[in-house]
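Report on the structure given below.
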Ligand SMILES: C[S@@+](CC[C@H](N)C(=O)[O-])C[C@H]1O[C@@H](n2cnc3c(N)ncnc32)[C@H](O)[C@@H]1O
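In full-length UniProt numbering, the protein residues as written are 1 to 399.
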C-alpha cells in the first residue's frame, strides 16, 4: 500500500502560506473561499491514497446520514435552541431511535450538530442550515442527482455514444425512468423535484455570484436616454432573483422595463410580491425572442445546460431581436484551459452535473465559436474576483 507522504518541501511551503494567510484573514468572503481551498490542498498533500478513499467513505456515510435525517424530518424536529435526545425525536417521527442517534453522531463528527451530553444533541449553525427551506432543498437536489450519478455506468452500457448529446435521452431523465422527456420536462414531471430545483437556483450566491462583474450601474445614462427600450430581459431567469439583484444596482431599472422570461410553470409559481416591479413573460427560448432592441439580454446559467449546436440555436433567437447597441450578457463560468488542484472546484462538479442533462461548461474559445456562429462577438469578459464565474459582454458582429 502506498505510504503517506513524509515531510516535504511542498507540504511545508503550503502550510507556511496557509498559516500566514490565516493570520491576515479579515473575514472577507473571497479570502475565506481561498483559505478553504488552501486547507483542502494541505490535506491532499498530507494524505496517502488510502486516506483519500477513507475520506470518501466517510463523506458518503455522512451524506447518507444527513439524507436520512432530512427526509424523515428529524433535523426539523430538533429544537432550534436547547438539546434533545434521539428518543424524543424518534417519538415525533416514528423512526427507531438508534438509527437517529447513529446518524447524528456521524454528523457531529463533521461539525454538523453537537452532542451536548451523552446521547443528547443540539443544533449548531451548520445543522440548522439543513433544516432551513432553501438550503434544505439545495442539499436534497444533490441527493437527487446522486441517484442518477450511481446509474451512469449502466446508462453508458445501455446507450450509444451519440445519446449523451440527445436532449431527450439525458442520463438524468433515464435514471428516473423518464427517457423521452427533456431534463426540464423531467423536472416539471414531479412537483417536489420542480420546487427543489427552483429553490436551488436562488441559492449558491457565494459560489455563483450575480453582481461584481458587468457594472449594471454604468448603464444609467444610456437607459435613461432611451427608457422605451427594456433595460434587462432575463431569459430563463427562473424566480427573478438575478433581476432583483441587478435592481439593487439600478434602482427602478433606471425607469425602463425589467422583464423575466421562463417556462409557464416557473412563471406561474411566482407572485407579484416575489418580484416587485418586474414584468413576467412566458417564453420558450427555442423560439424567436419577442422583446426587441432591449438594452440588455441576460442569460445566466443557460448555455451551460446545453451542447454547442443547441446553444447556437438559442443565441440566434436572441440575435434576431438585438439592435445595434443591445448587449447580451452571458453569466456563466469559463472552463480553464488546464485543471489545477488549487483552483476553484465549482466549475468541475458543475460540468459533471451538466453532463446529466445534456450540457457542459465551456472554454472561452468555445464561447467565441458559438457566438460567432450566431452572428455575435465578445466585447469584454468581466471575471469575478475568485473562481471561474464571469460575465461575457457581447454584441451583434460589427464590420
Ligand atoms: C439552470 S436554470 C438558470 C436560472 C437562472 N437564470 C439562474 O441563473 O439562476 C435554467 C432556467 O431555464 C429555464 N428554461 C428551461 N428551458 C427553457 C425554455 N425552453 N424556455 C425558457 N426557459 C427555459 C428553466 O425553467 C430554469 O429556470
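All C-beta atoms in this analysis are idealised placements derived from N, C-alpha and C, irrespective of residue type, glycine included.
Quick check on residue i: buried or exposed, where buried means 16 or more other Cβ atoms within 10 Å of its Cβ?
| i | result |
| --- | --- |
| residue 48 | exposed |
| residue 23 | exposed |
| residue 27 | exposed |
| residue 234 | buried |
| residue 332 | buried |
| residue 262 | buried |
| residue 327 | buried |
| residue 80 | exposed |
| residue 174 | buried |
| residue 93 | exposed |
| residue 399 | exposed |
| residue 75 | buried |
| residue 179 | buried |
| residue 305 | buried |
| residue 189 | exposed |
| residue 216 | buried |
| residue 421 | A query on residue 421 cannot be resolved here, the shown segment of the chain reaching from 1 to 399 and no further. |
| residue 150 | exposed |
| residue 25 | exposed |
| residue 43 | exposed |
| residue 160 | exposed |
Identify every residue that forms a DSSP beta bridge with residue i.
| i | result |
| --- | --- |
| residue 394 | 328 and 378 |
| residue 121 | 84 and 115 |
| residue 259 | 233 and 279 |
| residue 296 | 232 and 327 |
| residue 93 | BP columns for residue 93 are empty, so no partner. |
| residue 333 | 389 |
| residue 383 | 390 |
Under a three-way DSSP split, which group does residue i fall into?
| i | result |
| --- | --- |
| residue 63 | helix |
| residue 54 | helix |
| residue 210 | coil |
| residue 316 | helix |
| residue 247 | helix |
| residue 362 | strand |
| residue 272 | coil |
| residue 399 | coil |
| residue 99 | helix |
| residue 241 | helix |
| residue 286 | coil |
| residue 304 | helix |
| residue 357 | coil |
| residue 223 | helix |
| residue 338 | coil |
| residue 321 | coil |
| residue 345 | coil |
| residue 310 | helix |
| residue 215 | coil |
| residue 291 | coil |
| residue 404 | Look at the range of the chain in this structure, 1 to 399, and you will see that residue 404 is not part of it. |
| residue 196 | helix |
| residue 2 | coil |
| residue 253 | helix |
| residue 78 | coil |
| residue 350 | helix |
| residue 201 | helix |
Does residue i have its Cβ less than 9 Å from a Cβ in chain B?
| i | result |
| --- | --- |
| residue 38 | In the structure shown, chain B cannot be found, because there is only a single protein chain. |
Closer than 8 Å: is that where the CB of residue i sits relative to any heavy atom of ligand 2?
| i | result |
| --- | --- |
| residue 145 | Here the bound small molecules are ligand 1; ligand 2 is not part of this structure. |
For this session: Counting only runs of 4+ residues fully inside the stretch 4 to 49, write out the alpha helix (DSSP H) ranges in chain order.
Result: 9 to 24 and 29 to 46
For this session: Could you tell me which uninterrupted beta strand (DSSP E) segments, each at least 3 residues in length, are contained entirely in the stretch 109 to 186, listed from first to last along the chain?
Result: 114 to 117 and 120 to 122
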